[in-house]
Amino acid sequence: MKEIAQINPIENNAHPSKAELFDLEKMAEDGMITDSIYNTIKENPFCIEMIKEIAEFDEITFKHSFGVARYVELISKKIGLDKRTAEDLILAALLHDLGKSDEDISKVVKKNGPLDSREKEIMRRHPEIAFRRLEGRANDVVRKIVVAHHEDNYRTGSVKSQPENLELPLRIFFISDDFDALISERQYKEGLPIDEVEEILRKKFKRDDDQRFIDILVDDFKNKIQ
Ligand SMILES: [Fe+2]
Ligand SMILES: [Fe+2]
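Residues 474 to 699 (the working numbering) make up the sequence shown, in order.
Structure follows, in structure tokens:
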């Protein structure tokens with residue numbers, strides 16, 4: 474297994490391919506995931522079927538989940554976040570978009586082209602669906618990060634169960650989630666250049682802590698391509 478510093482998302486190492494559809498041991502052997510991600514999955518065996526479900530449902534969401542897991546882990550390590558919260562963040566990253574495999578939502582996810590207002594409304598339900606499915610399985614911190622993982626939901630208070638004392642992990646999550654979404658290639662778009670990604674994130678996330686998290690992800694990316 475590789476240390477996190479050796480794993481390069483640009484070369485797609487952090488993103489397993491669909492052909493391997495979540496063979497955890499092979500991913501670990503091939504150095505596609507870090508020890509922390511591997512251990513978090515091992516310690517939470519319930520998540521294995523859920524990750525498989527995501528992989529079967531949509532390759533992009535599958536890759537994105539592992540990308541976000543890697544970024545939350547990286548920030549957590551750099552800022553010395555306690556191990557427990559760091560693991561909760563990894564688990565939340567792996568499962569945050571589980572709700573997208575819901576029948577109605579998956580149709581919207583797979584649609585090519587812009588969403589109308591009804592489709593956007595359907596899409597907005599995915600965090601709560603995952604939150605409910607994780608009941609009795611994941612702990613409260615993981616579930617609350619999952620339910621609040623879209624910043625708009627969080628800010629507008631549409632999330633029923635408001636996260637308490639989760640400001641810091643949530644900020645780490647929002648930035649990691651957006652970073653992976655912006656930098657990665659999708660069916661419908663190229664990944665954006667790093668400078669553009671940085672600009673978008675700095676405009677959106679303005680607190681002092683946020684700047685540090687953005688620095689960590691941008692520096693890591695630039696170091697990898699040097
Ligand atoms: Fe999401
Ligand atoms: Fe996401």
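The C-beta atom is built at its ideal place from N, Cα and C for all residues, glycine as well. Since we're looking at a predicted model, the values are computed, not measured.
Legend entry - For A621, the nearest candidate out of R610, G609 and N638 (CA to CA): N638
Legend entry - E532 versus D668, T513, D561 and K583, residue with shortest Cα-Cα distance: K583
Legend entry - Residue ranges of each alpha helix (DSSP H) within the region 575–601, 4 or longer: 576–582 and 590–596
Inset, instruction - Check whether the Cβ atoms of D653 and H537 lie closer than 8 Å to each other. - result: yes
Legend entry - Beta-bridge pairing of R659 - partner residues as DSSP gives them: K662
Legend entry - Three-state secondary structure assigned by DSSP to G630: Low per-residue confidence applies at G630: pLDDT is 49, beneath 50, and the placement is therefore not dependable enough to give any value.
Inset, instruction - Measure from the C-beta of R610 to each C-beta in chain C and report whether the shortest distance is under 8 Å. - result: Among the protein chains of the structure shown there is no chain C, as only one such chain exists.
Inset, instruction - Kindly indicate the opening and closing residues of the alpha helix (DSSP H) around D681. - result: D681 to I698
Legend entry - Among E498, N512 and A559, nearest to L641 - alpha-carbon criterion: A559
Inset, instruction - Within 10 angstroms of the Cβ of A478, are there 16 or more other Cβ atoms? Answer buried if so, exposed if not. - result: Unreliable positioning characterises A478 in this predicted model, as indicated by a pLDDT of 48, which lies under 50. The coordinate reading is nonetheless provided below. Classification of A478: exposed, given that the 10 Å Cβ count is below 16.
Inset, instruction - Check whether the Cβ of P600 sits closer than 7 Å to any heavy atom of ligand 3, and report yes or no. - result: Annotation note on ligand 3: not contained in the displayed structure, which lists ligand 1 and ligand 2 as its ligands.
Legend entry - Selected residue, minimal CA-CA separation from I648, among K676, K662, R659 and G664: K676
Inset, instruction - Within 10 angstroms of the Cβ of I698, are there 16 or more other Cβ atoms? Answer buried if so, exposed if not. - result: exposed
Inset, instruction - State the Cα-Cα distance for the pair I548 and K580, rounded to the nearest angstrom. - result: 33 Å
Inset, instruction - Decide if L607 is buried, meaning its Cβ has at least 16 other Cβ atoms within 10 Å, or exposed. - result: buried
Legend entry - Heavy atom of ligand 1 within 7 Å of D570 beta-carbon: yes
Legend entry - Pairwise C-alpha distance: G540 and E669: 19 Å
Inset, instruction - With a threshold of 7 Å, establish whether the CB of A611 neighbours any heavy atom of ligand 2. - result: no
Legend entry - E594 classed as buried or exposed, judged by whether at least 16 other C-beta atoms fall within 10 angstroms: exposed
Inset, instruction - Could you tell me if the beta carbon of D650 falls within a distance shorter than 7 Å of some heavy atom in ligand 2? - result: yes
Legend entry - Rounded C-alpha distance that separates F535 from Q684: 27 Å
Inset, instruction - Determine the direct distance from the alpha carbon of E592 to that of D508, and round the result to whole angstroms. - result: 38 Å
Legend entry - Nearest candidate by alpha-carbon position, reference N612, set S657, L690, E516 and M500: E516
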